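Participant:
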Amino acid sequence: MRLLLTLVFCAFAVPPLRADEFTEATRPFLQKYCISCHGKEKQKGDIVLHDIDSLDAAFKKHRLLENIIDQVEHGDMPPDDEDVLPTDAERKKFTDALSKINERIKTGQVPQRAGRVTLRRLNRNEYHYTVRDLFGVNFNPSQDFPADGAGGEGFDNTADALFSSPALLEKYLSAAKKVIASVYLNPGLKKRAIFAQPKTPKEAEATAKKVLGFHATLAYRRRVSDEDLAPLMTAFKRGMQAKMSFDNALRAPPTALLINPRFLFRAEHNEAEKDEWKLNDFEIATRLSYFLWSSMPDRELFRLADAGKLSDPAVLKAQTLRMIASPKSTSLARHFAGQWIGFEKMISTVDPDQKRFPTFNDNLRKAMYYESVEFFSHLLRKNQPLTDLIDSDYTFANATLARHYGLKEKVTGSEMKKVALHNKSRGGVIGMGSVLTSTSLPLRTSPVLRGVWILDTLLGDPAPPPPPDAGELPADDTKAEGLTFRQQLDIHRKNPKCASCHARIDPLGFSLENFDAIGRWREKDANGKPIDASAILPGDIEFSSPAELKTLLMSAKNKFATNMTRKMLSYATGRGLEYYDEAVVTKIVAKLEKSGYSSQTLIHEIVNSRPFLNRSSTR
1 MRLLLTLVFC AFAVPPLRAD EFTEATRPFL QKYCISCHGK EKQKGDIVLH DIDSLDAAFK
61 KHRLLENIID QVEHGDMPPD DEDVLPTDAE RKKFTDALSK INERIKTGQV PQRAGRVTLR
121 RLNRNEYHYT VRDLFGVNFN PSQDFPADGA GGEGFDNTAD ALFSSPALLE KYLSAAKKVI
181 ASVYLNPGLK KRAIFAQPKT PKEAEATAKK VLGFHATLAY RRRVSDEDLA PLMTAFKRGM
241 QAKMSFDNAL RAPPTALLIN PRFLFRAEHN EAEKDEWKLN DFEIATRLSY FLWSSMPDRE
301 LFRLADAGKL SDPAVLKAQT LRMIASPKST SLARHFAGQW IGFEKMISTV DPDQKRFPTF
361 NDNLRKAMYY ESVEFFSHLL RKNQPLTDLI DSDYTFANAT LARHYGLKEK VTGSEMKKVA
421 LHNKSRGGVI GMGSVLTSTS LPLRTSPVLR GVWILDTLLG DPAPPPPPDA GELPADDTKA
481 EGLTFRQQLD IHRKNPKCAS CHARIDPLGF SLENFDAIGR WREKDANGKP IDASAILPGD
541 IEFSSPAELK TLLMSAKNKF ATNMTRKMLS YATGRGLEYY DEAVVTKIVA KLEKSGYSSQ
601 TLIHEIVNSR PFLNRSSTR
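Following the numbering used here, the numbering of the sequence shown begins with 1 at its first residue and continues without gaps.
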């Protein structure tokens, strides 16, 4: 899509396209002008087009179609240096056909289904929070687990990316032993875990079954049967036969519970001979709790699920609001927003050069991270508009961060507090230190990284990867023989292979150049030269500051809302989105627009959506 020329999400008023019409309109164009660079033998920019040979294939690559339409309509593809170029009539016939496909997808004129999530392992964060809520331990037993991969829309809770290995199984056993040992060392936690004692030896088995049944119900996230309890009771009986005390005999069963697949994996029921079916109330409770809390359902959710009341829309809405208000919903900010917006990197990978930026330390790092966490959490709990993420007149800061930003409002202490912003360039995520630092290099800013981040993260319009021979820019902007970094980048983008992409990437990044590599406001660069933040996008769209950039982005709020909806729906369901999900996204965005982009409306609409409450037999 041509960025910011048509920033508003729009529908195409075109009639449906038959399969034969699609083939006739698209295959000759692809064969003649595209496949030599994007076919089996060669895939420039990692784009593959030779397999778009049917309507079904086009449906599956629907996200790519928008980019193709944009590139072809505006003459970027095929490139001008090709020997043979399509006529205007050929371009129109081709893009009209693809537009009709997009319209069918967005309006639901394609086969619809809920989608299917494969058996899903608890990721590291989910394991940590679940064990915390199950037994009350205050340490992270998953910190030694291998890192979880990302899938779908880029999240580490995507089922298809959550692999298991023998090494991980060993980690599970070790973690389980540490958890139960910690419980037994703490009298309060031990009493909480073993909440009943037999009055006579004859009551020992029945009491143990009561205790283990309670924990197993929570751990397995459903009603438990005698079959579920059998191995736990066997372990208990073995301890009693060894003349252990009641409490010590109950030590092995919880360890076994924590390594049981029923605990480690989230499974949902199948219904034979059905294409699609509703989740039961326990499954809804589990989806809801891991979406909002990254943890198991609490007792209130279990009570409602057991009574069959959670599938009632009014009850589901009330519980969703209760859960958003809970401190545990901070996990949604940490793990959804942290991965989507990218501020999670502040904890793991961001490392500015200490000599160049001596004021950057662990306290500042944490303050930047928690600014983003608190901002997103506040957005949801107070039902602020999603557009606050683009532009706001407030943020959260402690004394360290307030000093770093040069805020007018006096802030003391280490706790994050809501503060008013008087610099219009600072509000929203593009003015946050976490974003500005994580989109920079150790020694300098990166207009390219920042521009790519805006395109991909905020607008869902990713730039293609650079060609292998694109060349590299210097890592240190002070070693440029008197040139500003902007001048260096101007030289780089004269390469015809790079020009078209950089034309829409660089202006976005240039407008943020007043923010240095750790998010401080500056008037001069590292070489003492005045910052030039002016920018011109294709179509002669001019702006020259973060404030003006945000005004431009606000004109694209529907596009931003569409991208955020896709991301959150993927995170909530634990799978990558498919073409049939686009109609759901379109409906949710329409509701968002009517609500003034209410953040809680987004949550409610996702929780009540077909993909969230149902399950299909196939993807």
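Where is the CB? At the ideal position from N, CA and C, for every residue including glycine.
Bear in mind the structure is a predicted one, so any value in this text is a computation, not a measurement.
Here's a check: name, in chain order, each residue in its chain whose Cβ is nearer than 8 Å to the Cβ of M432, leaving out the five neighbours to either side.
Facilitator: The sequence position of residue 432 within the sequence shown is 432, counting from 1. Within the same chain, M432 has close Cβ partners F343, M368, E371, S372, F375, T395 and G519.
Participant: Nearest-angstrom Cα distance between S616 and G115?
Facilitator: Start at 1 with the first residue of the sequence shown, and residue 616 comes out as number 616. Start at 1 with the first residue of the sequence shown, and residue 115 comes out as number 115. Taking the straight line joining both Cα atoms gives about 5 Å.
Participant: In or out: L4 buried (at least 16 other Cβ within 10 Å) or exposed?
Facilitator: Walking along the sequence shown from the start, residue 4 turns up at place 4. Caution is warranted here: a pLDDT of 48 is assigned to L4, below 50, making its placement in the model unreliable, and the coordinate value is therefore given only provisionally. Label assigned to L4: buried.
Participant: Less than 7 Å between the C-beta atoms of P141 and V179, yes or no?
Facilitator: For the purposes of this step, residue 141 is taken as residue 141 along the sequence shown, with counting starting at 1. For the purposes of this step, residue 179 is taken as residue 179 along the sequence shown, with counting starting at 1. The answer is yes: Cβ separation under 7 Å.
Participant: Smallest Cα separation from G596: which of L119, T573 and M554?
Facilitator: Here the question's residue 596 lines up with position 596 in the sequence shown. Of L119, T573 and M554, the residue nearest in Cα terms is M554.
Participant: Note down the Cα distance separating F543 from S534, rounded to an integer number of angstroms.
Facilitator: Taking the sequence shown and counting its residues from 1, the one referred to as residue 543 is at position 543. Taking the sequence shown and counting its residues from 1, the one referred to as residue 534 is at position 534. So the alpha carbons of these two residues sit roughly 6 Å apart.
Participant: Taking the continuous alpha helix (DSSP H) assigned at A285, which residues delimit it?
Facilitator: For the purposes of this step, residue 285 is taken as residue 285 along the sequence shown, with counting starting at 1. Run containing A285: D281 to L292, per the alpha helix (DSSP H) assignment.
Participant: DSSP beta-bridge partners for F155?
Facilitator: As a working note, residue 155 is residue 155 in the sequence shown. According to DSSP, which records beta bridges pairwise, F155 is partnered with G151.
Participant: Thinking C-alpha only, which one of T23, D51, E21 and F22 is nearest I35?
Facilitator: Locating residue 35 in the sequence shown gives position 35, counting from the first residue. Nearest option by C-alpha distance: D51.
Participant: With distances taken from CA atoms, which of F135, A167, R266 and E271 is nearest F291?
Facilitator: Here residue 291 refers to the residue found at position 291 of the sequence shown. Answer by Cα proximity: R266.
Participant: Which class does P637 belong to by DSSP, given the choice of helix, strand or coil?
Facilitator: What is shown of the chain runs 1 to 619, which leaves residue 637 out entirely.
Participant: At the level of alpha carbons, what is the spacing between G213 and I505?
Facilitator: Start at 1 with the first residue of the sequence shown, and residue 213 comes out as number 213. Start at 1 with the first residue of the sequence shown, and residue 505 comes out as number 505. If I take the Cα positions, the gap works out to 57 Å.
Participant: Check this for me: beta carbons of N102 and N123, under 7 Å apart or not?
Facilitator: On the sequence shown, position 102 is the one that residue 102 refers to. On the sequence shown, position 123 is the one that residue 123 refers to. The answer is no: Cβ separation not under 7 Å.
Participant: Buried or exposed for F9, going by 16 or more other Cβ atoms inside 10 Å?
Facilitator: Here residue 9 corresponds to residue number 9 of the sequence shown, with the count starting at 1. Reliability fails at F9, whose pLDDT of 36 lies under 50, so the model's placement of it is uncertain and the value that follows must be treated cautiously. Label assigned to F9: buried.
Participant: Below 7 Å between beta carbons: does that hold for S599 and L316?
Facilitator: Translated into positions along the sequence shown, residue 599 becomes position 599. Translated into positions along the sequence shown, residue 316 becomes position 316. No, the Cβ-Cβ distance between S599 and L316 is not below 7 Å.
Participant: Apart from the five residues on each side of it in sequence, which residues of its chain come closer than 6 Å, Cβ to Cβ, to N280?
Facilitator: Stepping through the sequence shown from its first residue, residue 280 is reached at position 280. Closer than 6 Å at the Cβ level, and outside the excluded window around N280, lies no residue.
Participant: Of the choices D228, N248 and S225, whose alpha-carbon is the least far from that of F236?
Facilitator: Counted from its first residue, the sequence shown places residue 236 at position 236. Checking every option, the nearest Cα to that of F236 belongs to N248.
Participant: Let me confirm a value: S225 is counted as buried when at least 16 other C-beta atoms fall within 10 Å, else exposed. Which label applies?
Facilitator: Here residue 225 is taken as the residue at index 225 of the sequence shown, counted from 1. Per the 10 Å Cβ criterion, exposed.
Participant: Please say whether A583 and G637 have beta carbons closer to each other than 7 Å?
Facilitator: In the structure as shown, the chain begins at 1 and stops at 619. Residue 637 is therefore absent and cannot be evaluated.
Participant: Opposite K524 in the DSSP bridges: which residues?
Facilitator: Counting from 1 along the sequence shown, the entry for residue 524 is found at position 524. In the DSSP output, where bridge partners are listed per residue, K524 has P530.
Participant: To the nearest whole angstrom, what separates the beta carbons of V137 and V211, a pair I think is in contact under 8 Å?
Facilitator: Locating residue 137 in the sequence shown gives position 137, counting from the first residue. Locating residue 211 in the sequence shown gives position 211, counting from the first residue. With 8 Å as the limit, V137 and V211 do not qualify as a contact, their Cβ atoms being about 17 Å apart.
Participant: Taking the straight line between their C-alpha atoms, what separation do you get for D581 and Q112?
Facilitator: Within the sequence shown, numbered from 1, the residue matching residue 581 stands at position 581. Within the sequence shown, numbered from 1, the residue matching residue 112 stands at position 112. C-alpha separation (whole angstroms): 8 Å.
Participant: Which stretch, first to last residue, makes up the beta strand (DSSP E) that contains K278?
Facilitator: As a position in the sequence shown, residue 278 is number 278, starting the count at 1. Where K278 is concerned, the enclosing beta strand (DSSP E) stretches over E276 to K278.
Participant: For I603, is the classification buried or exposed, using 16 other Cβ atoms within 10 angstroms of its Cβ as the cut-off for buried?
Facilitator: On the sequence shown, residue 603 is found 603 positions in, with the first residue counted as 1. Flag for I603 reads buried.
Participant: Helix, strand or coil: how does DSSP classify K190 here?
Facilitator: Within the sequence shown, numbered from 1, the residue matching residue 190 stands at position 190. Here K190 sits in helix by DSSP.
Participant: Taking the alpha carbon of R262 as the point to measure from, which residue in E24, L508, Y127 and T95 has its own alpha carbon closest?
Facilitator: What you label residue 262 is simply residue 262 of the sequence shown in a count that begins at 1. Out of E24, L508, Y127 and T95, Y127 has the C-alpha closest to the C-alpha of R262.
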